[in-house]
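Whatever position you read off the sequence shown (first residue = 1), add 122 for the numbering used here. All C-beta atoms in this analysis are idealised placements derived from N, C-alpha and C, irrespective of residue type, glycine included. All values reported here derive from a predicted model rather than from experimental measurement. One structure is given below, encoded as structure tokens.
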Amino acid sequence: MTSSDLWTRDDAERYDDPDDWVNSAEVTGPVARLLAELAGDGPALELAIGTGRIGVPLRELGVPVTGIELSQPMVDVLRRKVDEATIPVVVGDMAAAEAPGVGTYSLVYLVFNTIGNLRTQEEQVACFANAARHLAPGGRFLVEVGVPGLRRLPPGSPAIPFDVSAAHLGFDTYDLVTQQATSHHYTRDADGRFRYGAHNFRFVWPSELDLMARLAVMTPESRYAGWDRSAFTSESTSHVSVWRKPE
Ligand SMILES: C[S@@+](CC[C@H](N)C(=O)[O-])C[C@H]1O[C@@H](n2cnc3c(N)ncnc32)[C@H](O)[C@@H]1O
Numbered sequence: 123m124t125s126s127d128l129w130t131r132d133d134a135e136r137y138d139d140p141d142d143w144v145n146s147a148e149v150t151g152p153v154a155r156l157l158a159e160l161a162g163d164g165p166a167l168e169l170a171i172g173t174g175r176i177g178v179p180l181r182e183l184g185v186p187v188t189g190i191e192l193s194q195p196m197v198d199v200l201r202r203k204v205d206e207a208t209i210p211v212v213v214g215d216m217a218a219a220e221a222p223g224v225g226t227y228s229l230v231y232l233v234f235n236t237i238g239n240l241r242t243q244e245e246q247v248a249c250f251a252n253a254a255r256h257l258a259p260g261g262r263f264l265v266e267v268g269v270p271g272l273r274r275l276p277p278g279s280p281a282i283p284f285d286v287s288a289a290h291l292g293f294d295t296y297d298l299v300t301q302q303a304t305s306h307h308y309t310r311d312a313d314g315r316f317r318y319g320a321h322n323f324r325f326v327w328p329s330e331l332d333l334m335a336r337l338a339v340m341t342p343e344s345r346y347a348g349w350d351r352s353a354f355t356s357e358s359t360s361h362v363s364v365w366r367k368p369e
């Protein structure tokens with residue numbers, strides 16, 4: 123039984139919003155290109171593939187892609203774009219599910235903050251182990267996730283706003299004891315009314331992820347601030363980290 127929230131049919135139908143910048147080729151292109159480079163000649167496995175925002179463009183670059191995904195509605199939306207033969211998907215929990223070709227992948231990747239959807243340390247550790255067992259010797263595990271924004275949380279304040287605009291109000295609340303957090307979204311729909319949605323996650327520091335990789339017998343290869351391979355610094359708000367399984 124996973125601690126992850128299950129993404130619903132409503133979530134899935136809204137996910138590919140063409141007006142949302144994160145779905146633009148400007149965003150997905152550089153992600154797919156770096157993933158293709160890291161995969162080399164081998165196949166890739168996307169943990170939590172969703173509707174294929176990244177998996178589909180990566181497949182279009184010629185990389186064989188397989189997915190693991192918890193939400194059947196998200197897979198149903200993916201299936202409007204590509205069939206099972208083009209991108210096979212196992213419906214299951216990324217911390218435990220086994221994809222065909224276990225042990226042969228040159229790249230396993232988990233992007234867009236989704237490691238946080240596993241809301242216990244135990245499951246995040248299990249996810250690293252699951253990634254490692256799917257990799258071929260020498261293969262890479264890549265995670266993209268935000269750095270917890272705690273430097274922006276003043277003492278006594280319950281929340282950090284991350285978007286305040288006419289169409290959307292977004293803020294994060296953090297529980298510093300349990301490492302649980304929630305992103306709250308108030309989004310204005312076409313009729314002018316605001317719709318509330320929330321995503322729960324476990325925030326995790328880069329150093330804790332390094333330890334999870336070490337437990338899964340993988341070694342750090344690189345850490346960037348973004349998909350352009352810019353340097354990760356103390357000011358970085360996000361990171362793209364890569365670990366390798368020994369040859
Ligand atoms: C932010 S979306 C990311 C989807 C896709 N990777 C992307 O970049 O667009 C998070 C996805 O993680 C999936 N997910 C959450 N918990 C999961 C779990 N334990 N195992 C597999 N998938 C999970 C959700 O169903 C959802 O599709």
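Rounded to the nearest whole angstrom, the CA to CA distance from residue 298 to residue 161 is 36 Å. In this model, residue 329 and residue 336 are separated by some 11 Å (Cα to Cα).
If one requires a minimum length of 4 residues, the alpha helix (DSSP H) runs lying completely within the segment 156 to 237 are 177 to 182 and 194 to 200, in chain order.
Residue pairing by DSSP puts residue 291 in a beta bridge opposite 286 and 308. Residue 201 has its Cβ no nearer than 7 Å to any heavy atom of ligand 1.
Between the alpha carbons of residue 314 and residue 285 lies a distance of about 18 Å. Taking 8 Å as the cut-off, the beta carbon of residue 250 is found no closer than this to the beta carbon of residue 170.
Annotation for residue 168 indicates a beta carbon within 7 Å of some heavy atom of ligand 1. In this structure, the CA atom of residue 288 is about 15 Å from the CA atom of residue 318. Looking at the DSSP output, residue 360 bridges to 268. Around the C-beta of residue 150, 16 or more other C-beta atoms lie within 10 Å, and the residue is accordingly described as buried. Within the model, the alpha-carbon separation for residue 157 versus residue 172 is close to 17 Å.
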